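K.L.:
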Amino acid sequence: MTLDTPQIADPSDRWRAKRERILDAADELISSRGLKGLTFGAVGEAVGLNTTSITYYFKRKEQLAAAALDRAVQRLDDMAEAAGRAPDPRARVAAFIDLRLERERRVRAGEDRHIAILSEIRALDDPLRQQLIDRYKAMRARAAAFFAPGPFDPAALPEAPPRAVACAQVLLDVTHWMRAWLHHYPTEDFERVRERMVELLADGLAAPGGAWAPRPLVIDPPEQSGPSGEPGPEAFLRAATVLVNVRGYRGASVERIAAQLNVSKGSFYHHLEGKDDLVMNCFARSYERVARAQTLAMERPGDGWRRLADCVGALLAQQFAAEFPLLRITALHALPIDLRVQALRGADRMARRYAGMISDGIADGSIRPVDPMIASQCLAVMINGAWDVHAWAQALPMSRAEAIALYASVLAFGMFPQQG
1126 MTLDTPQIAD PSDRWRAKRE RILDAADELI SSRGLKGLTF GAVGEAVGLN
1176 TTSITYYFKR KEQLAAAALD RAVQRLDDMA EAAGRAPDPR ARVAAFIDLR
1226 LERERRVRAG EDRHIAILSE IRALDDPLRQ QLIDRYKAMR ARAAAFFAPG
1276 PFDPAALPEA PPRAVACAQV LLDVTHWMRA WLHHYPTEDF ERVRERMVEL
1326 LADGLAAPGG AWAPRPLVID PPEQSGPSGE PGPEAFLRAA TVLVNVRGYR
1376 GASVERIAAQ LNVSKGSFYH HLEGKDDLVM NCFARSYERV ARAQTLAMER
1426 PGDGWRRLAD CVGALLAQQF AAEFPLLRIT ALHALPIDLR VQALRGADRM
1476 ARRYAGMISD GIADGSIRPV DPMIASQCLA VMINGAWDVH AWAQALPMSR
1526 AEAIALYASV LAFGMFPQQG
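For the sequence shown, the positions run 1126 to 1545 when my numbering is used.
1. Are there 16 or more other CB atoms within 10 angstroms of the CB of glutamine 1255, so buried, or fewer, so exposed?
2. With a Cβ-Cβ cutoff of 8 Å, do alanine 1069 and phenylalanine 1445 count as a contact?
3. First and last residue of the alpha helix (DSSP H) that includes arginine 1231?
4. Please classify arginine 1414 as buried or exposed, where buried requires at least 16 other C-beta atoms within 10 Å of its C-beta.
5. Hey, how far is the Cα of alanine 1447 from the Cα of arginine 1432?
6. So, is aspartate 1138 buried or exposed, given that buried needs 16 or more other C-beta atoms within 10 angstroms?
7. Rounded to whole angstroms, what's the CA-CA distance from alanine 1270 to aspartate 1203? Just pull it up for me.
8. Spatial neighbours of methionine 1126 within its chain, please: C-beta separation below 8 Å, excluding the five flanking residues on both sides.
9. Measure from the alpha carbon of alanine 1476 to the alpha carbon of each residue in Asp1237, Cys1503, Ile1462 and Gly1490, then state which is nearest.
10. With DSSP as the reference, label alanine 1331 as helix, strand or coil.
11. Measuring CB to CB, does valine 1323 end up less than 8 Å from isoleucine 1222?
12. Less than 8 Å between the CB atoms is what I'm expecting for alanine 1360 and valine 1404, so what's the real figure, rounded?
13. Less than 8 Å between the C-beta atoms of phenylalanine 1449 and proline 1214, yes or no?
14. Can you tell me which of the three DSSP states isoleucine 1492 falls into?
15. Nearest-angstrom Cα distance between leucine 1194 and isoleucine 1242?
16. Considering only residues of the same chain and omitting the five flanking positions on each side of alanine 1167, which have a CB-CB separation below 6 Å?
17. Excluding sequence positions up to five away, which residues of its chain have a Cβ less than 6 Å from the Cβ of alanine 1171?
18. In angstroms with no decimal places, state the Cα-to-Cα distance between leucine 1296 and alanine 1192.
19. If I'm right that glycine 1539 touches leucine 1326 with Cβ under 8 Å, what's the distance once you round it to whole angstroms?
20. Looking only at C-alpha atoms, which of Ala1439, Leu1469, Ala1488 and Ala1500 sits nearest to alanine 1530?
21. How is valine 1437 classed by DSSP in three states: helix, strand or coil?
22. Helix, strand or coil for glutamate 1153? Go by DSSP, reduced to three states.
23. To the nearest angstrom, how far is the alpha carbon of tyrosine 1181 from that of aspartate 1463?
24. Where does histidine 1458 sit, in a helix, a strand or coil, going by DSSP?
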C-alpha cells in the first residue's frame, strides 16, 4: 500500500539517505513529544536543514508524520514476517520478542532508533489516518497468522480466528510497551526477560485448574451533575478520555469536547485550566479507577487468582463498554516531560500493585510462578490496550462477556494453553 505522500520519479541515493534522516528525526520527535511536537523547524534543526529544504521532501507536516508512522508499521511488518519463518507458533512468538529485544540492544548501542509511537496514527486526518489504520490491521493479521497450525502463511488467513487476533494484539501491545520498563534491566538480562515473557505469553497466569469467573465490581460512583444540571467534572473527564483515545492528544480539541457535552468553551475552562491539565486529570482519574478495582478485589475472599480475575474482569468490562474507558497510556507521549514523568510514575505504581496481587497468587498456588514484575507490566498494558479492540469485539458473533473472556484468556491461560 502506498500512502498519499510526495514521490520522486528517480530518487538518488543521496536523496533517499537525506529522506531517511528526516524520517529518523520525525520518529524521535513523535516518540518524545507526540504529533504536536513534530514541526518542520524542529526536524530541520535535528538534521541541519532549513524549513524550505524539508518541504522538498514533504509538503505538509501531516505527510511527514504519516511517512514516519508508515515506516514504523512496515518495520513491525518486517519483524512479523521474519518471526513467521520459525517452525511453530510458540517459536514465532519467541522470535518476535527476540527481534524487539535485539532492536533495543542496537538502540542502546547507538546503532538504531526506537520505532515511532503508533498511537499517534489516530491524531492524523483522513485519508492518511484510515490508510495507516488499514496498514496496521494488515500487519496485525500477519502476526495473527503466527497462531495457525502448520507453515506460516498470512495469505491463507484472510480472516484470522478471533482468538488469533486477540493474541496478536496482546503480543504487539506488550512488546511495544517493553520500552517503558526495559530500562530497569541491563542488556545482559535480556535473555532472561525473553524467557520469562515467552513463558507468560505461552502458558498464562492461572495455575492448572484455574477458571475465568470474575465476580462483578462497582468501580465508578454515580455521576453527579453540576449546578443547573450542567455536566460535572466527571462528564468532562469521560468525554475527554474517549476523544483522546479515539483522536489522540492533538485531535481531542477543547471545541470537540465542549461540543460533545453541548456546553461552551468557557464551561470547559471553568473546570480545567488547559489541555495538559485535562490529560493529567484523565490519567489521574484512570489510575483512581484502577486502584479502586485493585483494592476492592484484594479485600474479597478467595485465592489470589480469583481476586486478580475479579479486578481484571471489572476493568475489561469498562474498556469493552467504551462509555468511560481508561485513558490510553500512550497519550503521555504528548505531555511535557515533567508531566510525562508524573504519568509514568502513576503507571508504575499501578503495575506494582498488580505485581503484589500476582505474588499473592503465586504464594497460595493459584497463579503460576511467573516473574511478577514482568507479568504486571504485561497485564497492565493488556488491560489498557483493550480499548483498541472494543469495536472489533462488538462485531464478533458473541456477547460482550464472551468477547471479554476470549480476550482475557490470552494472559489468563496463555496463547497456547494446550501446551501449559
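The C-beta atom is built at its ideal place from N, Cα and C for all residues, glycine as well.
Everything numeric in this text was worked out from a predicted model, so none of it was measured.
P.N.:
Taking the definition as stated:
1. Classification for glutamine 1255: exposed.
2. Since the first and last residues shown for the chain are 1126 and 1545, residue 1069 lies out of range.
3. Here the alpha helix (DSSP H) through arginine 1231 covers 1214–1233.
4. Counting every other CB atom within 10 Å of its CB across the protein chains shown gives arginine 1414 a total of 16 or more, marking it as buried.
5. Spanning the alpha carbons of alanine 1447 and arginine 1432 requires a straight line of approximately 23 Å.
6. Aspartate 1138 counts as exposed, since fewer than 16 other C-beta atoms from the protein chains shown sit within 10 angstroms of its C-beta.
7. Looking at the two C-alpha atoms, the distance is approximately 14 Å.
8. The predicted model places methionine 1126 with a pLDDT of 46, which falls under 50 and marks its position as unreliable; any figure quoted below should be read in that light. So the list reads Gln1256, Asp1259, Arg1260 and Ala1263, once near-sequence residues are dropped.
9. Per the Cα distances, Cys1503.
10. Alanine 1331: strand per DSSP, three-state reduction.
11. Yes, the Cβ-Cβ distance between valine 1323 and isoleucine 1222 is below 8 Å.
12. Going by Cβ atoms, the distance from alanine 1360 to valine 1404 rounds to 16 Å, so no, they are not a contact pair.
13. It is not a contact, given that the beta carbons lie outside the stated cut-off.
14. Reduced to three states, the DSSP call for isoleucine 1492 is strand.
15. Take the alpha-carbon of leucine 1194 and the one of isoleucine 1242: they are about 8 Å apart.
16. Excluding five sequence positions before and after alanine 1167, the CB atoms of its chain that fall closer than 6 Å to its own CB belong to Leu1154, given in chain order.
17. Only Ala1150 meet the Cβ criterion.
18. So the two alpha carbons sit approximately 24 Å from each other.
19. Right, their Cβ atoms sit about 7 Å apart.
20. Among Ala1439, Leu1469, Ala1488 and Ala1500, the Cα nearest to that of alanine 1530 is on Ala1439.
21. Here valine 1437 sits in helix by DSSP.
22. Three-state DSSP puts glutamate 1153 in a helix.
23. Taken atom to atom, the span from the alpha-carbon of tyrosine 1181 to that of aspartate 1463 is near 35 Å.
24. Helix, per DSSP.
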